[in-house]
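Remember, the numbering used here sits 1 above the position in the sequence shown when you count from 1.
In this text, a Cβ means the ideal position worked out from N, Cα and C, and glycines have one as well.
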Amino acid sequence: MATTALDDKVVVVTGAAQGIGRAYVHRFVAEGATVVAADRNTAGVQSVAAEIGHGVVPVGLDVADRASCTELAELLRSRYGRLDGLVNNAAIFSTIRMSPFWEITDDEWDAVSTVNVKGVWLLTSALVDLLRAAGSASIVNIGSDAVALGRTDYLHYIASKGAVAAMSAAMSKELGASGIRVNTLSPGPVYTEIARDTVTPEQTAAMLARQALPRPAGPQDMTSLAAFLLSDASSYITGQTISVNGGLVHR
Numbered sequence: 002m003a004t005t006a007l008d009d010k011v012v013v014v015t016g017a018a019q020g021i022g023r024a025y026v027h028r029f030v031a032e033g034a035t036v037v038a039a040d041r042n043t044a045g046v047q048s049v050a051a052e053i054g055h056g057v058v059p060v061g062l063d064v065a066d067r068a069s070c071t072e073l074a075e076l077l078r079s080r081y082g083r084l085d086g087l088v089n090n091a092a093i094f095s096t097i098r099m100s101p102f103w104e105i106t107d108d109e110w111d112a113v114s115t116v117n118v119k120g121v122w123l124l125t126s127a128l129v130d131l132l133r134a135a136g137s138a139s140i141v142n143i144g145s146d147a148v149a150l151g152r153t154d155y156l157h158y159i160a161s162k163g164a165v166a167a168m169s170a171a172m173s174k175e176l177g178a179s180g181i182r183v184n185t186l187s188p189g190p191v192y193t194e195i196a197r198d199t200v201t202p203e204q205t206a207a208m209l210a211r212q213a214l215p216r217p218a219g220p221q222d223m224t225s226l227a228a229f230l231l232s233d234a235s236s237y238i239t240g241q242t243i244s245v246n247g248g249l250v251h252r
């Protein structure tokens with residue numbers, strides 16, 4: 002029987018109820034993984050599990066809440082005893098009100114940084130012993146090439162994703178001796194079923210015109226790289242920020 006890249010691996014995907022997170026779940030299950038699909042939207046991850054029909058464990062999770070992260074760790078410990086892969090995908094983005102940085106409120110800044118930055122730290126900290134138990138685990142933190150592009154009008158998001166890339170580099174050094182790899186998958190604009198009310202058609206057309214590959218990116222363009230980074234085929238890649246942007250920007 003043919004094997005696939007993630008056979009027998011246990012993988013957690015956060016922000017799994019919709020958009021690219023949902024696509025990660027579909028791809029990883031197709032590659033043979035058991036996927037714990039985690040999201041504050043429990044009905045959403047239950048719907049994703051129903052779509053796929055097997056290989057998905059839907060759970061409610063608030064990455065910004067330590068108790069919620071600990072509860073997930075206890076579930077994984079009792080059920081599997083290890084964790085082979087973690088995709089820190091949960092983030093506040095599509096609901097952000099775009100505005101100049103001097104108009105961002107304290108509450109808006111804190112909400113974005115709490116989920117996008119603190120959430121990555123909290124959940125990874127809660128799961129680190131399970132990742133160590135796997136022997137050769139992989140963490141994929143989701144960044145954004147909006148950082149390299151210098152996008153305006155959502156500085157709190159830009160700052161949060163810059164922090165994610167920096168944390169990945171530091172985590173890779175702290176966890177390498179345990180056989181854990183940590184990389185940042187850094188997308189350019191990706192178009193999913195989630196409405197993008199803050200991006201006008203004119204802005205979309207302008208970005209496409211700047212790309213070397215003048216087509217819009219879909220979730221499948223991200224899921225292939227994520228599956229590779231979780232697989233044993235990438236066993237010597239760690240501490241890297243890998244851009245997927247159709248040539249929009251160059252690092």
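Query: Does DSSP classify Thr125 as helix, strand or coil?; Result: helix
Query: Under three-state DSSP, which class holds Arg98?; Result: coil
Query: For Thr239, which of helix, strand or coil comes out of DSSP?; Result: coil
Query: Can you tell me whether Glu52 is buried or exposed, with buried defined as 16 or more other CB within 10 angstroms of its CB?; Result: exposed
Query: If you follow the alpha helix (DSSP H) that Val148 is part of, which residue opens it and which one closes it?; Result: Ala147 to Leu150
Query: What do you reckon, are the CB atoms on Leu76 and Leu84 nearer than 8 Å?; Result: no
Query: Report the residue from Gly54, Leu214, Asn246 and Gly177 whose alpha carbon sits nearest the alpha carbon of Gly240.; Result: Gly177
Query: Below 8 Å between beta carbons: does that hold for Asn184 and Val141?; Result: yes
Query: Report all residues from its chain with a CB closer than 8 Å to the CB of Ser79; omit the five preceding and five following residues, and keep chain order.; Result: none
Query: Are the region 104–124 and the region 154–169 in contact at 8 Å, needing three or more beta carbon pairs?; Result: yes
Query: Which value, in whole angstroms, describes the spacing of the CA atoms of Ala74 and Ala31?; Result: 24 Å
Query: Ends of the beta strand (DSSP E) at Val118?; Result: Here Val118 belongs to no beta strand (DSSP E), and DSSP marks it neither H nor E.
Query: How far does the alpha helix (DSSP H) with Leu186 in it extend, from its first residue to its last?; Result: That residue, Leu186, is in no alpha helix (DSSP H); its beta strand (DSSP E) goes Arg182 to Pro188.
Query: Using CA coordinates, which residue listed in Arg216, Ser236, Ser179 and Gly82 is at the minimum distance from Gly189?; Result: Arg216
Query: Measuring straight from C-alpha to C-alpha, what distance separates Ser187 and Gly144?; Result: 5 Å
Query: Using the Cβ count rule (16 or more neighbours within 10 Å means buried), how would you classify Gly1?; Result: Within the shown structure, residues of the chain are numbered from 2 to 252, placing residue 1 beyond reach of any answer.
Query: Taking the alpha helix (DSSP H) that Pro220 falls in, what are its first and last residues?; Result: Pro220 to Leu231
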